[in-house]
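Structure first, commentary second.
In UniProt numbering, the protein residues as written are 1 to 598.
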């Protein structure tokens with residue numbers, strides 16, 4: 001910000017009420033107009049403001065189209081600032097008027113916006129007296145200007161607000177409803193659109209002739225968080241479905257676009273391989289020049305060893321092999337055979353599944369010149385014991401985020417009915433723990449109130465019969481309009497996966513089984529069959545969970561099984577089916593506490 005822009009921002013924040021929304025230097029509309037400020041209020045409307053730090057001594061000539069100012073002692077011709085603000089406003093209004101739900105349906109102002117809009121200029125270094133004496137009113141309408149002495153710290157809030165809303169044509173009337181406000185944000189700011197995960201971060205043409213009937217956008221906390229993530233280390237604690245990965249994707253794209261040609265790449269890390277595959281394909285479509293590297297953690301470790309000529313582990317068990325990969329990178333960094341500071345920024349999804357020593361390793365990969373680290377965390381979704389082997393503070397592993405921690409508690413992914421079922425199994429797990437800012441809270445999600453179908457409970461004697469019933473349910477879902485690629489069957493073990501795959505094959509339903517890294521193809525229009533653990537981080541409109549009635553299995557810790565089931569159930573955005581046959585504790589718990597079709 002310039003000094004004048006900073007003063008304007010401070011005054012707007014201090015003098016306007018809490019129900020005003022203000023954006024600074026944010027691209028707007030289909031043409032990415034960049035006004036200095038956009039002020040929005042449900043009853044007042046939209047106001048576009050241009051701020052000019054010019055002093056009276058800077059001005060040499062002014063008319064309604066062009067002004068001549070001195071820059072480093074040399075005259076420069078610039079557009080009249082009011083004309084500049086007017087053009088920005090008209091670009092936005094033209095886009096908004098294409099939405100039938102935002103315009104007046106009839107009357108003398110038919111097809112015009114149903115709420116007020118206007119534009120103006122702020123001169124932080126020119127007083128009203130100077131404005132009048134210089135006869136600038138011949139070049140710019142006086143009522144569309146806020147001058148230096150009208151935006152002092154001592155100015156009463158009502159006086160500044162009156163000056164701003166005096167910029168509006170007198171006859172403009174109307175107010176924005178909450179749904180209209182979301183539609184305005186959807187059209188003006190394509191970056192805040194919420195798509196299904198299949199098109200995560202997709203910013204479809206904002207100028208489309210037929211806007212969708214339902215427009216989902218980030219809530220204001222999510223948008224402010226996504227836009228305002230500054231330098232340094234940051235932590236977002238968020239419940240399942242709160243938009244953490246969406247914010248991470250927005251942040252990665254923004255960093256990639258802001259970096260110059262010679263900038264270091266951006267690293268996105270997660271634990272789960274299917275989630276890494278999904279994020280990698282999404283980021284490749286958004287940032288095609290490979291500025292964003294998306295890896296699951298152990299793949300990244302192997303890449304580091306190979307790239308810097310370090311030996312790979314020999315023959316050993318799978319668990320020992322991945323541990324040896326990590327140990328090899330840690331030793332390589334300690335010996336300076338693998339360089340630190342390789343990335344402009346590091347963004348970690350699923351931080352709850354990273355062991356403390358992994359976090360300590362990854363924080364060293366951030367370039368000290370940028371010091372940009374973002375860590376996403378939800379301890380309720382930590383389904384791997386390594387993440388909870390001992391209590392630790394973020395500070396102890398090099399994450400310096402005191403004062404830069406945000407908590408997201410609202411679950412937007414799941415319907416109220418789905419979240420109720422998931423939380424009923426994990427009720428004890430989701431008891432919030434008191435912790436200091438540097439600790440790791442367990443958060444209980446708050447439903448956004450979206451209603452949907454009651455989960456389907458399938459209570460049959462055998463897993464084989466459950467698998468067949470699930471296949472029938474998925475066939476019906478396809479008949480109801482869901483694509484095969486919208487569906488997933490999430491199982492506790494490979495035996496159940498095999499039974500379900502057999503049932504799908506018998507009924508000739510397209511499906512793909514994910515048992516090994518590389519087997520997951522998110523773009524394929526097939527029912528995805530995978531383990532509950534492998535589904536973490538993903539979402540599907542339709543999810544089936546066979547074998548829940550057999551959980552937990554003998555000798556399995558109930559608390560750990562509840563975490564896994566909670567994660568699996570919260571993958572569903574619209575429909576959830578659970579197989580409750582068997583004598584496991586969870587089946588009885590769900591049969592007793594859930595009202596649903598069976």
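Positions of the beta carbon are idealized from the N, C-alpha and C atoms, including for glycine.
Source: prediction; values computed, not measured.
C-alpha gap between residue i and residue j, whole angstroms
i, j, result
"residue 455", "residue 490", "15 Å"
"residue 175", "residue 30", "24 Å"
"residue 581", "residue 471", "16 Å"
"residue 140", "residue 365", "53 Å"
"residue 27", "residue 506", "52 Å"
"residue 554", "residue 500", "22 Å"
"residue 14", "residue 524", "51 Å"
"residue 304", "residue 558", "37 Å"
"residue 464", "residue 488", "17 Å"
"residue 467", "residue 493", "13 Å"
"residue 269", "residue 275", "10 Å"
"residue 414", "residue 566", "12 Å"
"residue 7", "residue 154", "13 Å"
"residue 94", "residue 451", "34 Å"
"residue 44", "residue 426", "45 Å"
"residue 3", "residue 288", "36 Å"
"residue 570", "residue 576", "9 Å"
"residue 300", "residue 353", "15 Å"
Three-way DSSP call (helix, strand, coil) for residue i in this model
i, result
"residue 134", "coil"
"residue 284", "helix"
"residue 411", "strand"
"residue 351", "helix"
"residue 58", "helix"
"residue 118", "strand"
"residue 540", "strand"
"residue 512", "strand"
"residue 50", "strand"
"residue 448", "coil"
"residue 157", "helix"
"residue 392", "coil"
"residue 16", "coil"
"residue 321", "helix"
"residue 615", "Residue numbering for the chain in the displayed model covers 1 to 598; residue 615 lies beyond these limits and cannot be assessed."
"residue 112", "coil"
"residue 418", "helix"
Own chain partners of residue i with C-beta closer than 7 Å, once the 5 adjacent residues on each side are dropped
i, result
"residue 251", "226, 229, 347 and 374"
"residue 128", "147, 149 and 150"
"residue 62", "136 and 139"
"residue 79", "66"
"residue 192", "185, 217, 218 and 223"
"residue 344", "255, 259, 263, 264, 265, 266, 367, 370 and 372"
Buried/exposed call for residue i, threshold 16 Cβ in 10 Å
i, result
"residue 189", "buried"
"residue 152", "exposed"
"residue 223", "buried"
"residue 315", "exposed"
"residue 169", "exposed"
"residue 355", "buried"
"residue 220", "exposed"
"residue 308", "exposed"
"residue 50", "buried"
"residue 476", "exposed"
"residue 204", "For residue 204, the pLDDT reaches just 41, beneath the cut-off of 50, and the residue's location in the model is therefore unreliable, leaving the point undetermined."
"residue 462", "exposed"
"residue 283", "buried"
"residue 84", "buried"
6 Å CB neighbourhood of residue i in its chain, flanking five on each side removed
i, result
"residue 406", "225 and 236"
"residue 280", "294"
"residue 273", "296 and 517"
"residue 448", "410 and 412"
"residue 21", "40"
"residue 87", "none"
"residue 76", "69"
"residue 55", "125"
Rounded Cβ spacing between residue i and residue j (contact assumed at less than 8 Å)
i, j, result
"residue 561", "residue 535", "Between residue 535 and residue 561 the Cβ distance is about 15 Å, and since that is not below 8 Å, they are no contact."
"residue 572", "residue 543", "4 Å"
"residue 312", "residue 333", "Actually they do not touch by this definition, with Cβ atoms about 16 Å apart."
"residue 310", "residue 337", "6 Å"
"residue 292", "residue 265", "7 Å"
"residue 53", "residue 142", "In fact, because the Cβ distance is near 20 Å, the residues do not count as touching under 8 Å."
"residue 460", "residue 469", "6 Å"
Cutoff 8 Å; reference residue i; Cβ partners in own chain excluding five residues on either side
i, result
"residue 97", "103, 111, 112 and 113"
"residue 409", "238, 239, 242, 443, 444, 445 and 446"
"residue 232", "371, 372, 373, 400, 401 and 404"
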